[in-house]
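*Asks:* Sending over a structure as C-alpha cells; questions will come in a sec.
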Amino acid sequence: MITIEQIPPLSTVALRVMRFDIEDPEAGSYALEQLIKPDKGISSKLLKIGNSALYGRSGKIKTLKDAITLLGVKTTKNLIVMLILQNMNNTLKIPIYKKFLQEKPVLTALVVLDLCGILGLNRIKETAFLMSLLVRIGMSIFALNYPDRYCNVLAYYGVGKVRLIALEQNYYQTDSLQVGIMVFDHWKLPAEYKETIEHLEFETDKIQNLSDLSRVVILADNISSKLMHIPLMENDIERNNKILEFYRKPTSELELFDEDYFEFLKDHPFYEQTIMG
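Heads up, the sequence shown is in this note's numbering, so the first residue is 34 and it goes up one at a time.
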C-alpha cells in the first residue's frame with residue numbers, strides 16, 4: 034500500500050504554482066512572476082522555451098516577466114507543472130520510466146490541445162493540458178517508492194495482456210488511480226481534477242455523467258498510448274468511440290493521430306524539453 038508519507042514533498046514554489054488560480058482577478062502575470070522568481074531552475078527553463086523557434090523570439094526574451102508576457106499566465110503555469118513533474122521523476126533513469134512517466138504525459142498534453150479543437154472544447158484546453166500532465170501521477174508515486182520493482186509492472190503491462198490497475202492491485206493491493214486521487218487530495222488540487230482520474234476506467238453507458246474535461250483527457254490518454262505503441266484494451270477502444278460519438282464526430286478523426294503527426298510533435302519545444310530532461 035502507498036501512504037501519504039510516501040508522496041514526495043513538493044517545494045513551496047511548486048505547491049503555490051499548482052494551487053495558483055488563474056481565474057482569480059488578482060492572479061495576473063506579476064503575481065505568478067513573484068511565485069516563480071525564487072526557483073532559478075524553472076525561471077531559466079521558461080526563458081529557454083520563450084526563446085525557442087516556436088515563438089519566433091530567439092534571443093529577445095531576457096527576463097522572467099518577458100517570458101510570462103509572451104507565453105501567457107495559463108501556459109506558463111502549465112509549463113511549470115510540466116517542469117515540476119520532470120524534476121520529480123529525474124531520479125528514475127530506467128528507460129521504461131522515461132517512456133511512461135515523462136514522455137507519455139507530455140505527449141498526452143500536446144495531443145489534448147489538438148483534440149480540444151476537434152471536439153469544440155477550446156475553452157478548456159489549458160485546463161485539459163494541465164490535467165493530461167497529472168492524470169497518471171499515481172504511476173510516478175509507485176515508481177519513486179518501488180524503483181526496482183515497478184518497472185517490471187510496466188514492462189508486463191506493455192505486452193498488452195493485462196490492465197495496468199489489475200497488475201498494480203496484484204503487486205501492491207492498490208492502484209495508480211487510487212494513489213493519484215490521494216495525491217490530488219494531499220496537494221489540495223481542484224475537485225474536477227480528481228474526478229477525471231476517477232473516470233479513467235468509466236463504463237461506456239455512463240458517458241453522459243462525465244465532464245468535458247474528463248472525456249477529452251481520457252481520449253488523449255488513449256491516443257498517446259497508441260502513438261507510443263502501448264497496447265489498448267478493447268474497453269479503451271470502445272471508450273474512444275463513445276467519446277467521439279458523444280461529440281458527433283466520426284471515428285475517422287482518430288486517423289489524424291498517426292506516425293507523421295507524432296513525428297511533428299517531437300519537434301515541439303515542450304516535447305524536446307522532456308526528452309532532453
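Glycine residues also receive a C-beta, built at the ideal position from the N, C-alpha and C atoms. Nothing here was measured: the structure is a model prediction, and the numbers come from that model.
#1: Thinking residue 49 and residue 68 are a contact (beta carbons under 8 Å), I'd like their distance in whole angstroms, please.
#2: Cβ of residue 250 within 8 Å of Cβ of residue 145?
#3: Kindly indicate the opening and closing residues of the alpha helix (DSSP H) around residue 224.
#4: Given this structure, state the Cα-to-Cα distance separating residue 149 from residue 288, to the nearest angstrom.
#5: Do you know offhand how far residue 125's Cα is from residue 119's?
#6: By Cβ distance below 8 Å, which residues in the same chain neighbour residue 97 in space, the five residues on each side in sequence not counted?
#7: Might you give, ordered along the chain, the residues of its own chain that have their beta carbon closer than 6 Å to the beta carbon of residue 130, omitting 5 neighbours on each side?
#8: With respect to the alpha helix (DSSP H) encompassing residue 58, which residues constitute its N-terminal and C-terminal limits?
#9: Locate the alpha helix (DSSP H) running through residue 47, then write down its first and last residues.
#10: With distances taken from CA atoms, which of 45, 248, 52, 44 is nearest residue 218?
#11: With a Cβ-Cβ cutoff of 8 Å, do residue 170 and residue 213 count as a contact?
#12: For the region 235 to 245 and the region 271 to 291, state whether three or more C-beta atom pairs, one from each stretch, are separated by less than 8 Å.
#13: Ignore the nearest five residues each way along the sequence and tell me which others in residue 286's own chain have a CB closer than 8 Å to its CB.
#14: Taking just the CA atoms, how far does residue 264 sit from residue 11?
#15: Which residue wins for smallest C-alpha separation from residue 273, given the options 92, 256, 228?
#16: Would you call the CB atoms of residue 35 and residue 226 closer than 8 Å?
#17: Where do the N-terminal and C-terminal ends of the alpha helix (DSSP H) with residue 204 fall, by residue?
#18: Quick one: measure Cβ to Cβ for residue 246 and residue 230, integer angstroms, because I've assumed they're closer than 8 Å.
#19: Got a sec? Which residues, its chain only, sit under 8 Å from residue 166 by beta carbon, not counting five neighbours each side?
#20: Roughly how many angstroms separate the alpha carbons of residue 228 and residue 162, rounded to a whole number?
#21: Return the CA-CA distance between residue 224 and residue 297, expressed in angstroms with no decimal places.
#22: Hey, how far is the Cα of residue 136 from the Cα of residue 47?
*Replies:* Judging by the given coordinates:
#1: 5 Å
#2: yes
#3: 224 to 231
#4: 16 Å
#5: 10 Å
#6: 66, 69, 70, 76, 79, 80
#7: 176
#8: Segment: none, residue 58 is in no alpha helix (DSSP H) and carries neither H nor E.
#9: 45 to 51
#10: 52
#11: yes
#12: yes
#13: 151, 277
#14: With the chain covering 34 to 310 only, the question about residue 11 has no answer from this structure.
#15: 256
#16: no
#17: 197 to 205
#18: That belief does not hold up - the Cβ atoms of residue 246 and residue 230 are roughly 11 Å apart, past 8 Å.
#19: 111, 114, 115, 118, 138, 139, 141, 142
#20: 15 Å
#21: 34 Å
#22: 20 Å
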